[in-house]
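Undergrad:
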Amino acid sequence: MTAPVSTRRRDGIAEAGPLLQVSDLVVRFSTHDGTVHAVNGISFQVEAGETVGLVGESGCGKSVTNLAIMRLLPKPAGRIAGGRVEFDGLDLVQLAEADMRDLRGKEIAMIFQDPMTSLNPVLTIEEQMTETIRAHRKITRQESRDRSIELLGMVGIPNPESRLSSFPHQFSGGMRQRVMIAMALALEPKLMIADEPTTALDVTIQAQVLELLRDLTERAGTSVILITHDLGVVAGMTQRINVMYAGFIVETATTPELFAAPSHPYTVGLLHSIPRLNAERHEPLIPIEGAPPDQRRAPTGCPFAPRCAWRLPVCWTDNPALAPVAPGSRIVTSGPGATHLIACHNPPTAEEAAVGRPQRPGFVAAPPPGIVVDELAASLEATPATADEVVIMAGDEGPVSAAGAAGLPLPPEEGER
Ligand SMILES: Nc1ncnc2c1ncn2[C@@H]1O[C@H](COP(=O)(O)OP(=O)(O)OP(=O)(O)O)[C@@H](O)[C@H]1O
Ligand code: SF4
Ligand SMILES: [Mg+2]
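Going letter by letter, the sequence shown gives residues 451 to 867 in this note's numbering.
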């Protein structure tokens with residue numbers, strides 16, 4: 451292999467440092483309508499054996515991030531426009547295509563939402579599994595068949611030997627996803643990327659498949675990036691969570707810390723919009739008002755500003771960088787002691803996070819500067835507005851999350867999902 455970036459794998463001994471290091475990753479798509487700013491300079495790490503969640507609404511850049519890691523961005527529209535991806539001592543952005551092909555499946559495996567897009571409908575499960583194994587391992591057909599039977603048994607497929615001759619359509623959705631997990635684990639990858647692996651399944655099957663995934667990857671020591679729009683799914687599965695919005699990571703924390711002290715208005719909104727399965731009475735779910743920004747426009751200001759009840763005038767012009775929630779803390783980027791980071795000029799207090807809206811007397815979200823100036827100019831017969839007048843303008847409370855005061859929805863208990 452070429453393009454080593456560290457000594458991690460040079461001497462074949464496990465080294466300190468993360469298995470995966472993504473630094474300032476930028477992804478763009480060139481389209482007829484202009485450039486899509488899909489991923490805007492994100493950085494994160496995954497340690498060996500760690501499971502990290504990547505969470506956010508549809509279109510925030512979760513899949514694109516991972517397609518970029520795997521160098522599978524749709525060509526020619528998609529490209530890595532900046533940043534580095536280092537995996538186990540290799541620079542994946544620079545790696546030769548042949549080496550990258552060898553790495554996929556063998557060292558980094560992916561599971562998608564719909565197994566039918568990954569499974570070949572005209573080949574039997576045996577053909578697909580043995581082909582995958584033998585593409586990377588020098589073993590006989592019989593040995594790869596035995597390994598396939600073992601793997602299908604491991605993921606809970608009944609009568610695995612006889613099911614080998616089945617075609618994908620002869621399995622239920624949940625069973626197909628189990629087959630995908632078996633195939634992904636066949637080569638004992640170091641990293642598994644699971645992109646919405648259970649979204650298409652009903653809730654009971656979803657819980658079983660997630661538990662299986664957690665159990666098998668824990669036992670094998672496989673690192674996992676779990677992609678989902680559902681905070682409930684990552685709650686019981688991950689050690690750390692990165693919350694994405696409009697191509698940025700806006701909050702990152704260990705899983706217990708993120709649920710105990712959500713600190714970015716977007717995360718607070720997400721938490722108020724998921725069901726609280728262990729609640730004594732049902733709290734109303736509060737969807738986040740508005741829609742994510744059009745990513746064909748270059749981002750200016752905080753991308754969440756149009757939907758944020760906490761916004762200040764500065765939010766319309768300056769996009770805040772990720773910084774420790776507790777100012778001045780030493781930054782640890784992975785593992786159980788990872789620092790809680792947010793990108794926000796005006797984070798909610800704990801009390802505000804619990805109720806889902808600002809509680810400071812007289813506080814109103816800063817309206818967009820241009821509109822405010824226009825409105826004030828009209829009402830004051832063309833007298834220009836000052837910044838102070840903009841902030842205190844009455845009657846514009848911005849979008850608010852009208853959650854009840856009963857506290858944040860809690861993540862589902864293990865076993866309740
Ligand atoms: N082939 C493409 N051409 C142009 N833009 C694209 C392409 N694929 C993705 N994008 C854009 O990149 C952005 C990120 O998309 P991505 O698929 O990563 O979202 P996601 O977070 O995975 O959403 P979902 O939860 O719906 O899967 C979106 O604005 C999307 O429209
Ligand atoms: S307070 Fe400002 S910086 Fe923070 S999320 Fe709201 S708009 Fe963005
Ligand atoms: Mg996606």
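Just so it is clear, CB atoms sit at the ideal spot from N, CA and C, and this is done for glycine as well.
Any heavy atom of ligand 2 closer than 6 angstroms to the CB of R761?
TA: Reading the sequence shown from its first residue, position 311 is the one you call residue 761. For ligand 2, at least one heavy atom lies less than 6 angstroms from the Cβ of R761.
Undergrad: Got a sec: is the Cβ-Cβ distance from A759 to anything in chain B below 7 angstroms?
TA: Absent here is chain B; the protein component of the structure consists of one chain.
Undergrad: Can you tell which of G778, C765, V476 and T702 has the C-alpha that lies nearest to the C-alpha of E523?
TA: If you number the sequence shown from 1, residue 523 lands on position 73. The sequence shown places Leu at residue 523, rather than the Glu named in the question. Answer by Cα proximity: V476.
Undergrad: Report the three-state DSSP secondary structure of E646 (helix, strand or coil).
TA: Residue numbering aside, residue 646 sits at position 196 when the sequence shown is read from its first letter. E646: coil per DSSP, three-state reduction.
Undergrad: Threshold first: 3 residues or longer. Then list the beta strand (DSSP E) segments lying entirely within the region 759-804, N to C.
TA: DSSP runs (the beta strand (DSSP E)) wholly in the region 759-804: none.
Undergrad: Exposed or buried, which one is R807 when buried takes at least 16 other CB atoms within 10 Å?
TA: One-based indexing of the sequence shown puts residue 807 at position 357. Buried, because 16 or more other Cβ atoms sit within 10 Å of the Cβ of R807.
Undergrad: Round the Cβ separation of M520 and M560 to the nearest angstrom and send it over; I've been treating them as touching at under 8 angstroms.
TA: Within the sequence shown, numbered from 1, the residue matching residue 520 stands at position 70. Within the sequence shown, numbered from 1, the residue matching residue 560 stands at position 110. Going by Cβ atoms, the distance from M520 to M560 rounds to 6 angstroms, so yes, they are a contact pair.
Undergrad: In the DSSP assignment, the alpha helix (DSSP H) including A559 goes from what residue to what residue?
TA: If you number the sequence shown from 1, residue 559 lands on position 109. A559 -> not in any alpha helix (DSSP H); beta strand (DSSP E) instead, spanning I558 to I561.
Undergrad: What residue range does the beta strand (DSSP E) around V487 cover?
TA: For the purposes of this step, residue 487 is taken as residue 37 along the sequence shown, with counting starting at 1. In the sequence as displayed, the identity of residue 487 is His instead of Val. Start and end: G484 to V496.
Undergrad: Hey, could you find the ends of the beta strand (DSSP E) A527 is sitting in?
TA: The residue you call residue 527 lines up with position 77 of the sequence shown. First-last for A527: undefined, no H or E at that position.
Undergrad: Which value, in whole angstroms, describes the spacing of the CA atoms of T868 and R595?
TA: Because the chain in this structure spans residues 451 to 867, residue 868 falls outside the shown range and cannot be described.
Undergrad: Using a 10 Å radius around the Cβ and a threshold of 16 neighbouring Cβ atoms, would you call N570 buried or exposed?
TA: Here residue 570 corresponds to residue number 120 of the sequence shown, with the count starting at 1. Exposed, because fewer than 16 other Cβ atoms sit within 10 Å of the Cβ of N570.
Undergrad: Report the partner residues of I677 according to the DSSP bridge assignment.
TA: Position 227 of the sequence shown, counted from the first residue, corresponds to residue 677. According to DSSP, which records beta bridges pairwise, I677 is partnered with L504 and D645.
Undergrad: Measure the beta-carbon distance from R628 to L662 and round it to whole angstroms, keeping in mind my assumption that it falls under 8 angstroms.
TA: If you number the sequence shown from 1, residue 628 lands on position 178. If you number the sequence shown from 1, residue 662 lands on position 212. Sure, about 7 angstroms apart at Cβ, within 8 angstroms.
Undergrad: Measure from the alpha carbon of E577 to the alpha carbon of each residue in Q544, E557 and L614, then state which is nearest.
TA: Residue 577 sits at position 127 when you count from the first residue of the sequence shown. Out of Q544, E557 and L614, L614 has the C-alpha closest to the C-alpha of E577.
Undergrad: Rounded to whole angstroms, what's the CA-CA distance from P742 to F754? Just pull it up for me.
TA: Reading the sequence shown from its first residue, position 292 is the one you call residue 742. Reading the sequence shown from its first residue, position 304 is the one you call residue 754. Rounded to whole angstroms, P742 to F754 spans 7 angstroms at the Cα level.
Undergrad: With 16 as the cutoff for other CB atoms within 10 Å, does L469 come out buried or exposed?
TA: Locating residue 469 in the sequence shown gives position 19, where the first residue counts as 1. The residue in question, L469, is buried, as its Cβ has 16 or more Cβ neighbours within 10 Å.
Undergrad: Kindly indicate the opening and closing residues of the alpha helix (DSSP H) around M520.
TA: As a working note, residue 520 is residue 70 in the sequence shown. Taken as a continuous stretch (DSSP letters only), M520 belongs to no alpha helix (DSSP H), as it is neither H nor E.
Undergrad: In terms of residues, what are the limits of the alpha helix (DSSP H) holding V653?
TA: Within the sequence shown, numbered from 1, the residue matching residue 653 stands at position 203. Element bounds for V653: V653 to A670.
Undergrad: DSSP three-state label for M694, please.
TA: For this step, residue 694 is matched to residue 244 along the sequence shown. Of the three classes helix, strand and coil, the one that applies to M694 here is strand, per DSSP.
Undergrad: Give me, in chain order, the residues of the same chain whose beta-carbon lies closer than 7 angstroms to that of T481; leave out the 5 immediate sequence neighbours on both sides.
TA: In the sequence shown, counting from the first residue as 1, residue 481 sits at position 31. These residues qualify, in order along the chain: A527.
Undergrad: Does ligand 2 have a heavy atom nearer than 6 angstroms to the CB of P756?
TA: As a position in the sequence shown, residue 756 is number 306, starting the count at 1. Checking the Cβ of P756 against ligand 2 gives no.
Undergrad: State buried or exposed for Q745, treating a residue as buried only when at least 16 other CB atoms are found within 10 Å of its CB.
TA: Locating residue 745 in the sequence shown gives position 295, counting from the first residue. The residue is buried, with at least 16 neighbouring Cβ atoms inside 10 Å.
Undergrad: Of the choices T702, F709 and E638, whose alpha-carbon is the least far from that of G682?
TA: As a working note, residue 682 is residue 232 in the sequence shown. Closest option to G682, Cα to Cα, is F709.
Undergrad: Looking at R597: is its Cβ nearer than 7 angstroms to the Cβ of A531?
TA: As a working note, residue 597 is residue 147 in the sequence shown. As a working note, residue 531 is residue 81 in the sequence shown. No; because the gap between Cβ atoms is not below 7 angstroms, this pair is not in contact.
Undergrad: Looking at P715 and ligand 2, is the gap between the Cβ and the nearest heavy atom below 6 angstroms?
TA: What you label residue 715 is simply residue 265 of the sequence shown in a count that begins at 1. Yes, the Cβ of P715 comes within 6 angstroms of a heavy atom of ligand 2.
Undergrad: Mapping DSSP to helix, strand and coil, what is G467?
TA: As a position in the sequence shown, residue 467 is number 17, starting the count at 1. Note: G467 maps to coil in three-state DSSP.
Undergrad: Residues in the same chain with beta-carbon distance under 7 angstroms from G606, minus the five sequence neighbours each way, listed in chain order, please.
TA: On the sequence shown, residue 606 is found 156 positions in, with the first residue counted as 1. Within the same chain, G606 has close Cβ partners R628 and L662.
Undergrad: From the DSSP output, in three-state form, read off E739 for me.
TA: Residue 739 sits at position 289 when you count from the first residue of the sequence shown. DSSP places E739 in coil when its eight states are reduced to three.
Undergrad: Check whether the Cβ of K512 lies closer than 6 angstroms to any heavy atom of ligand 1, and answer yes or no.
TA: What you label residue 512 is simply residue 62 of the sequence shown in a count that begins at 1. Yes, Cβ of K512 sits closer than 6 angstroms to a heavy atom of ligand 1.
Undergrad: Please identify the residue among G686, A803, R761 and L641 whose C-alpha is closest to the C-alpha of Q656.
TA: Here the question's residue 656 lines up with position 206 in the sequence shown. Considering only alpha carbons, the answer is G686.
Undergrad: With a CB to CB cut of under 6 angstroms and the five nearest residues on each side skipped, what residues in its chain are close to A844?
TA: As a first step, residue 844 is located in the sequence shown; it is residue number 394 there, counting from the start. Annotation note: pLDDT 29 at A844 (below 50); position unreliable, no value reported.
Undergrad: Applying the criterion that 16 or more other CB atoms from any shown protein chain within 10 Å of the CB defines a buried residue, is I781 buried or exposed?
TA: The residue you call residue 781 lines up with position 331 of the sequence shown. Per the 10 Å Cβ criterion, exposed.
Undergrad: Any chance the CB of T481 is under 6 angstroms from a heavy atom of ligand 1?
TA: Here residue 481 refers to the residue found at position 31 of the sequence shown. True, at least one ligand heavy atom lies under 6 angstroms from that Cβ.
Undergrad: Quick one: using the 10 Å Cβ neighbour count with 16 as the cut-off for buried, is Q592 buried or exposed?
TA: The sequence position of residue 592 within the sequence shown is 142, counting from 1. It is exposed - the Cβ of Q592 has fewer than 16 other Cβ atoms within 10 Å.
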